[in-house]
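Step one of this worksheet: look at the structure below.
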Ligand code: NAI
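Residue numbers (the working numbering): 13 to 380.
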């Protein structure tokens, strides 16, 4: 266990990022995994020194070492910089965003039987950032083009965001979802879309998904329209196994799913491409609690468990997950996002106290 030494690029990020990544390093060490961390920078703090929130050095380091884990970064509003996360996904072609949503008993979630994985397309859709500002010559040209062809009547004072979905990227993400299901003992894939309205984007996604599904007869398959899917998720999320969605629906559905099992403090994630992988929690930099030693590092820590699985260190990854379940089941040492709203509940502990409790829990698993 943990005999092989792995090198992983570590981006602490902004806000609560440094707190939760420090916690994550402590827990990875406690799991027995042998990881050498290569520090790299990204985020708001880089702009002054590098002129960009995503320095080229950081991308080069990830290309060199192949695997990275990052804390959340703040997207500066109104500075004209593209989101670091979107830029990183493009620079490294991280086309799949994998977000397991699994109930942790004791975490105060609304359901104790959720065990699903969201597979979100990561490069296209309204998220691709192809936009035309209201009143710009490009927007007006595009509006004329559309109106002349009687494709509709777009108001002259419209801003426009483009939604491209390609056959190739749709096939890649649906293939990824089926391969993931096969390799991880899962039985069913659900594709989510709005093909009845967006026939040439979501309709294409659904058509490609049906083709791919036909090649994977061992895995069950169905499709849901995104609005019905949201209702189904709230009523009975236990019915879902692997769920594959275009970028924007995947973004929204993962926060919805996180909310069903106890909140953003618990939801891990991974961005995976053919050559590189970058692990990160679903949550953002939480500026409202940054630097206060209040953050819940569980999501970052479970992201590290996914990273260890990716590196082949399944025993260490399982040990981290077992430790997390044990700490929540005991309920003695939990952060404010979890116990804050519980009537007559225990007082919240700090990020560091939670981390130490988890690390000792994991270390005590050794003696079992
Ligand atoms: P957020 O996820 O940072 O915070 C939403 C709410 O959840 C806040 O009340 C926060 O305190 C709470 N929360 C989040 N994570 C928590 C944790 N680990 N423990 C305890 N409470 C937690 O979302 P928000 O406020 O919309 O975004 C803040 C910044 O983060 C923005 O600049 C946004 O662009 C960025 N962001 C970055 C992401 C990334 O780097 N992967 C992902 C999402 C947002």
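Ideal Cβ positions, reconstructed from N, Cα and C, are used throughout, including at glycine. A quick note: this is a predicted structure, and the numbers were derived from the prediction, not measured.
Look up residue 206 in the DSSP assignment and give the residues it is bridged to. According to DSSP, residue 206 shares a beta bridge with no other residue.
What is the rounded straight-line gap between the Cα of residue 258 and the Cα of residue 376? Rounded to the nearest whole angstrom, the C-alpha separation of residue 258 and residue 376 is 42 Å.
Consult DSSP for residue 343 and reduce its assignment to one of helix, strand or coil. coil
How would you write the range of the alpha helix (DSSP H) that residue 372 sits in, first residue to last? Going by DSSP, residue 372 is part of the alpha helix (DSSP H) stretching over 363-377.
Cα-Cα separation between residue 333 and residue 342, rounded to whole angstroms: Approximately 14 Å, taken between the alpha carbons.
Please work out which residues of its chain come closer than 8 Å, Cβ to Cβ, to residue 22, disregarding the five sequence neighbours upstream and downstream, and give them in chain order. 33, 37, 49, 50, 51, 52, 80, 81, 82
Rounded to the nearest angstrom, how far is the Cβ of residue 146 from that of residue 170, given a contact under 8 Å? About 6 Å; that satisfies the 8 Å criterion.
Can you name, in chain order, every residue of its own chain whose Cβ lies under 7 Å from the Cβ of residue 4, other than the five neighbours on each side? The chain is shown from 13 up to 380; residue 4 falls before or after that span and cannot be answered.
Answer with buried or exposed for residue 209, where buried requires no fewer than 16 other C-beta atoms within 10 angstroms of its C-beta. exposed
Cβ pair residue 371, residue 273 closer than 8 Å: No. Outside cutoff.
Work out the CA separation of residue 201 and residue 290 for me, nearest whole Å. Residue 201 has its alpha-carbon roughly 24 Å from the corresponding atom of residue 290.
Roughly how many whole angstroms lie between the Cα atoms of residue 380 and residue 327? Bear in mind that the predicted position of residue 380 carries a pLDDT of just 48, short of 50, making it unreliable; the figure below should be weighed with that in mind. Roughly 14 Å separates the two Cα atoms.
Would you check if the distance between the CB atom of residue 346 and the CB atom of residue 311 is smaller than 8 Å? no
Can you find a heavy atom of the ligand HEM that lies under 7 Å from the Cβ of residue 292? With respect to the ligand HEM, the structure offers nothing, as its ligand set consists of the ligand NAI.
Indicate, with yes or no, if the ligand NAI has a heavy atom lying under 7 Å from the CB of residue 86. Yes, the ligand NAI has a heavy atom inside 7 Å of this Cβ.
Could you check where the alpha helix (DSSP H) with residue 160 kicks off and where it finishes? 149-160
Pull up the distance between the alpha-carbon of residue 20 and that of residue 316, whole angstroms please. 11 Å
Looking only at its own chain, which residues have a Cβ that is under 8 Å from the Cβ of residue 374, when we skip the five neighbours before and after it? Within the same chain, residue 374 has close Cβ partners 39, 42, 43, 331, 332, 334, 335.
Taking 7 Å as the line, does the beta carbon of residue 295 fall inside it for any heavy atom of the ligand NAI? The answer is yes for residue 295.
Complete alpha helix (DSSP H) runs within the stretch 281-338 (minimum length 4 residues, chain order): Note on the stretch 281-338: whole alpha helix (DSSP H) runs with a minimum of 4 residues are 310-322, in chain order.
For a test of your reading of the model: does the CB of residue 240 fall under 7 Å from any non-hydrogen atom of the ligand NAI? Yes or no. no
Pull up the DSSP beta-bridge partners for residue 51, would you. 22
For the beta strand (DSSP E) holding residue 82, just list the boundary residues, first then last. 79-82
Using alpha carbons as the reference points, say which of 112, 152, 47 lies closest to residue 77. 47
Is the beta carbon of residue 300 within less than 7 Å of some heavy atom of the ligand NAI? yes
Is it true that the CB of residue 108 sits closer than 8 Å to the CB of residue 284? yes
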